[in-house]
Amino acid sequence: MNKSKPPLYRKENTTAHAVKSRRRRGDFGDTRHSKAEVASEALRRPMHGKIQQGRDYTPLFRFLLSKVGQPWPAVHSEAVARLDRADPIFWIVALREEDREDYIRTGESSCFSGLYVDDDGILRIVNPEVGPSTMEPDCRCCTHTFNGVPFTKKYRDPVE
Ligand SMILES: [Zn+2]
Numbered sequence: 001m002n003k004s005k006p007p008l009y010r011k012e013n014t015t016a017h018a019v020k021s022r023r024r025r026g027d028f029g030d031t032r033h034s035k036a037e038v039a040s041e042a043l044r045r046p047m048h049g050k051i052q053q054g055r056d057y058t059p060l061f062r063f064l065l066s067k068v069g070q071p072w073p074a075v076h077s078e079a080v081a082r083l084d085r086a087d088p089i090f091w092i093v094a095l096r097e098e099d100r101e102d103y104i105r106t107g108e109s110s111c112f113s114g115l116y117v118d119d120d121g122i123l124r125i126v127n128p129e130v131g132p133s134t135m136e137p138d139c140r141c142c143t144h145t146f147n148g149v150p151f152t153k154k155y156r157d158p159v160e
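Numbering (our numbering), first residue to last: 1 to 160.
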């Protein structure tokens, strides 16, 4: 345990948009958000329920990304020592092959690379081809990021 290092979470830093969409959940009359976004919001709601508990684990996800290529046991024990709870580690790191995901959505408009531990115990990126230039924003009003980097594709209005 290294007490000099800061925790890998912070009190939730709520954006104006996140607050608004939470209050308005179920209000399908919000014209600033497309039907497609409302639908995708409904799809990701289980993930929201898990993540929005007053803590933002973005520092954890950045830490884990910075450790790609390193032996998992040391990375894991440092992460655990700097967290209030261990389970957010496994929102992004898959230990079983069937749990691997190309990317993980960690908030209204932020995603991170899905990670896994390979047969040699090394932390790896599931799909290095997926990144800020391959993802499409699902609304116009937010800055969407992938591993903290803004998407390069612009939002396109859904075709009627
Ligand atoms: Zn938005």
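Beta carbons: idealized from backbone N, C-alpha and C, even for Gly. Since the model is a prediction, treat every value here as computed from it, not as a measurement.
Test item: CB-CB of residue i and residue j under 7 Å
i	j	result
L65	L8	no
G114	E129	no
G131	F112	no
I125	V68	yes
I89	A79	yes
D56	R85	no
A81	Y116	no
DSSP-derived helix/strand/coil call for residue i
i	result
V159	coil
V130	coil
P71	strand
A94	strand
R25	Interpretation of R25 is limited by its pLDDT of 45, a score under 50 that renders its predicted location unreliable; the figure taken from the coordinates is listed afterwards. Three-state result, R25: coil.
R45	For R45, the pLDDT reaches just 46, beneath the cut-off of 50, and the residue's location in the model is therefore unreliable, leaving the point undetermined.
8 Å contact criterion, which residue i and residue j should meet: CB distance rounded
i	j	result
W72	I122	7 Å
T143	S109	7 Å
K154	M135	Not quite, the Cβ-Cβ distance comes to about 12 Å (not below 8 Å), so this is no contact.
E12	G54	5 Å
Extent of the continuous alpha helix (DSSP H) to which residue i belongs
i	result
S66	T58 to S66
Any non-hydrogen atom of ligand 1 within 6 Å of residue i CB
i	result
C111	no
Residue i: first and last residue of the uninterrupted beta strand (DSSP E) it sits in
i	result
F112	S110 to S113
Y103	Y103 to R105
R124	L123 to I125
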